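Protein chains in written order, with our numbering: chain U, 1 to 609; chain G, 1 to 609.
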């Protein structure tokens, strides 16, 4: 039943071999991995202006263009840097792998954790901001903001659980639709100005003077446009062969598309004198260029959709990052297992669950979430680029100085951004990330330690084999069969016991004399040649009397002997019947497995109705 | 940790022997079992007037007195009837047992289910109405009505989980305090009138004429005063020896106390011309008699507390009723087990959980809940009295005609009340009970059927023993040891296998060729004389390939053979470590136990850190 519902939503299971077919090429890889970066065109210019306009008034546009120029330069640096990363790390993992390899495990885990935090925030922020746009258009939906966000996250989750290829098609189309709309709008905007259109000039008063802090704040806001660039290098294994070539192409295309659209929008916003206000800057721009026709609604609709879809980059990369970290043992193994549809389902579900938690806690208020955002990505940028720089320096391969220079500049630039964001956004939430990050790193290192401990303790070599030896003497296998009453299930268990051992005790715990007598009589009637021990349990417990009996002189347990406890268990036919029976067996099993001299066996007895 | 928190709240576990000491005598039994009935003094007169006054105006008081007289006559009948029940059914169970014994199991289950529904409603209604009084005094608390109710239910739950005796002390005191206050108030009220006080007479206009339906409605409202009378007969086993005598005394005392207080309050409300309005009738009465002095606040405070405490009758009887029904197999066995403190903890927790659910769903609105109330009790009254009547008729023991007359009159009177309540309160919620009741009865009969099926299938006699026989041939015990990798845990499991059988296969499921090769090499290195079978699982499953292997020609399974599957399992030291490991073993065990030819054994390997 549950299984069937699952199939409807996420499709039939896929074989391991299907994995290659589940990967994407350039055409569908681009929209999946670029949606985050490209979606920032919808809000980055606005975020920059929002920081400047209230203080600088009309002068803001001048500074906005300079800041956009800086951000796009940073983008160019990152594209080159990450292109080198892709080439050298074809198995993905991005910052985590690069930093681990070259800067040690703490740096690697820090980069991984920072990135993971940012992916979660990407989902929360982009869904919340998409819905914010929706509810500013349809005010009657506003009371349902949080439920709408939650439903959208669940839709993203299901789409991604269906598998890589299907999700790339589901979520790829709207990205292309958005890019197309923006490019057409930019062309139309320039043509309109050429053909003599003169936009109104709103006079906006300045209320203060320009300060370094103000410009840095505006710059920090704009830097959110650069999140998502690392996605391509993380996602290399998701590409079809030749994966490195495909990934590099996608990264280059992503860079070109962001530069064209971002720069185009920035210049037009300047020329059309768009003032950030009630309506989003990009929507105002579309309105001025197109008027209220089909093209306007097209841009509005695709903008809403791209903001939601932007989180799909996180859905593509977070599970992959987690699986890579799981393979290294820094996060629970379960993140490394592919689900029925070959997607890393645990990663997808966890990402959704935490994002929903954040959305509910922050009631989907973008302003509250945005302060937490972007710092994680830039920390991982810095560590990753520093790692690459160190790698070149160490290897000293051909052209190493040029390559080191590219990554070195990337590292420095992003490190500066980390400092700027920490300073200007500290009070807005960046502090929370700065607290959570070391905790996450600590936990991850601790998890790794646990896995290593387990592996060390389980490892065995040829010499040690001899030490694991029980005397092969049938009389030495001792068996206890706890029975609740005399019935077919318990008799079957006793019979089974007789077939593996000659040293068997049937054991019963009674809570009063009356029941003890009753079971003794029934047992005698059976005429079975196994002694029955009946114990009285004053606290209505089961495991304790059994352990006490094993320790008793009567039982005469010898060090090194293995005791097999055989639990009779009748198995009901229908699931709901289980709630009508105690889970005693499961409890007893769990308790007994704590003792190394006890093996717990369960003898099932299937009921027929 | 959790254990320690539990101990603080509910105390250390008690031995079975402590049960006798946990029972109560007359002094503490009275307040526990009478609180429900006695608390109705706080609202029954008001409920009657609320039905009459808006229509009949001043004439209401006349009819109110008649109705109160009828209700008290009904009470007298019930006290006599139930006194006979107590004597004949010293093991408690009340209506359920009496109806089952004499009218058949469907009637018994109906009586039990009706009573159970009413106990749940008692908790929801009395806590909600107590808090309603509180919030009408402290308006600022009103937004927190639901949370306050929930907390109070949890307090009642914890108090009752502490055990019978402690809860009877905790909740007994306030009942006596309330009774004392009311009796003093009645005396003071009469003395005040004697000494010349003339109350103001408010003139209330009538808006309609008296009708049968109106009077029946008022009567139905008043009948809620009679819920709780059955509690004593249900609770006989909770009394100290001589339990029958003690229970009968308590029932008699309860009757006398309710008659004195109820009649006293009704007469005084009439004489003082209290008009139901914003403030509760009983509070208005106290105000007129005492003025605003200590005595007034005493009555107000004890009234609030008694309304909360009234639910304690339900807490005393619901778990007992469930345990009796569990012993007969109509509700899950778990209700029949005593917890650490010898209380029937599952019943207490379920009662609290459902009551909280009702409170949350109905947002603690008493008006919405009260319509559901009382009909269940009267259905069980009727069935119980009819059962007693039939019993006398069948047995024809000494004085049987008199006894049959007492119970016959009780049955008729309560049957009439059932009809009246169904008619007058149908649209106010009684319909819901009328729907839920048959569903509950159906489920209970179904549960009974399941338990009987299970018992039939498990029952064994001496002749059948011979049929349960596995050949005692060691080569015939076949063992499969599924191993995930070559490690100490799996080697230990293999060694154990060797000590019980000569026919062993190690079995591994790999998801790719690479891992398959790796494990084969490691295994060969071990130089162990058990063959290893490696299977490839395209869907990343484990159980299916194992079952397929068992069915394969290669394995050559013969009908009747038992296969013991030994699962190696390392056991972590700390609870939280469990989340870092798959629950594969539990899953595999559950799946394999569906097959009757498979015994599942778990070989633990304890880690040290």
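Even for Gly, the Cβ is constructed at its ideal location relative to N, Cα and C.
Predicted model only: the values in this text are computed from it and were never measured.
Secondary structure note for residue 337 (chain U): it is in no beta strand (DSSP E), with a DSSP letter that is neither H nor E. For residue 62 (chain U), the nearest beta carbon of chain G is not closer than 8 Å to its own beta carbon.
The beta carbon of residue 400 (chain U) lies closer than 8 Å to those of 392, 393 in the same chain, with the five residues before and after it left out. Residue pairing from DSSP places residue 536 (chain G) in a beta bridge opposite G:510. By the criterion of a C-beta distance shorter than 6 Å, residue 304 (chain U) is surrounded in its chain by 130, 133, 134, once the five residues flanking it on both sides are discounted. At a C-beta separation below 7 Å, residue 332 (chain U) has these neighbours in chain G: 579, 580.
Using beta-carbon distances, residue 510 (chain G) does not count as an interface residue toward chain U, since no partner is under 8 Å. Taking a 10 Å sphere around the C-beta of residue 46 (chain G), we find 16 or more other C-beta atoms and assign the residue as buried.
DSSP places residue 225 (chain G) within a helical segment (H, G or I) once states are collapsed to three. Rounded to whole angstroms, the gap between the alpha carbons of residue 33 (chain U) and residue 228 (chain U) is 7 Å. For residue 524 (chain U), not one C-beta of chain G is nearer than 8 Å to its own C-beta. The beta carbon of residue 453 (chain U) sits closer than 8 Å to some beta carbon of chain G. Shown here, residue 568 (chain U) sits in a strand according to DSSP, grouped into three states. For residue 362 (chain G), the nearest beta carbon of chain U is not closer than 8 Å to its own beta carbon.
Within chain U, the residues whose beta carbon sits less than 8 Å from that of residue 603 (chain G) are 599, listed in sequence order.
Of all C-beta pairs linking the stretch 447-467 of chain G to the stretch 487-497 of chain G, fewer than three are shorter than 8 Å, placing the two stretches out of contact.
One thing to note: residue 588 (chain G) has its Cβ no nearer than 8 Å to the Cβ of residue 603 (chain U). Check the Cα spacing between residue 410 (chain U) and each of U:346, U:77, U:181, U:54: the tightest is with U:77. With respect to chain U, the C-beta atom of residue 462 (chain G) has a partner C-beta closer than 8 Å. Residue 249 (chain U) has its alpha-carbon roughly 33 Å from the corresponding atom of residue 538 (chain G). Only residues of its own chain outside the window of five on either side were considered, and among them 41, 45 have a CB closer than 6 Å to the CB of residue 265 (chain U), listed in chain order. Contacts with chain U (Cβ-Cβ distance below 9 Å) from the stretch 434-450 of chain G involve 447, 450, listed in chain order. Closest in C-alpha terms to residue 506 (chain U), from the list U:564, U:452, U:541, comes U:564. Nearest to residue 64 (chain G) by C-alpha distance, out of G:561, G:173, G:136, G:210, is G:210. Between residue 415 (chain G) and residue 375 (chain G), the alpha-carbon positions lie close to 10 Å from each other.
Per DSSP, the beta-bridge partners of residue 503 (chain U) are U:478. Within the same chain, Cβ atoms closer than 8 Å to the Cβ of residue 555 (chain U) are found at 505, 549, the five residues on either side in sequence being excluded.
Nearest CB-CB separation between residue 487 (chain G) and chain U: below the 8 Å threshold. Residue 55 (chain U) and residue 213 (chain U) have their alpha carbons spaced roughly 12 Å apart.
Exclusion of the five residues before and after residue 609 (chain G) leaves 573 as the residues of its chain whose Cβ lies within less than 8 Å of its Cβ.
Boundaries of the alpha helix (DSSP H) around residue 125 (chain U): 105-137. Between the alpha carbons of residue 309 (chain G) and residue 107 (chain G) lies a gap of roughly 31 Å.
Bridge partners of residue 598 (chain G) according to DSSP: G:563. Note on residue 390 (chain G): 16 or more other CB atoms within 10 angstroms of its CB, so buried under the neighbour-count rule.
Taken in chain order, the whole alpha helix (DSSP H) runs of length 4 or more contained in the stretch 179-205 of chain G number zero.
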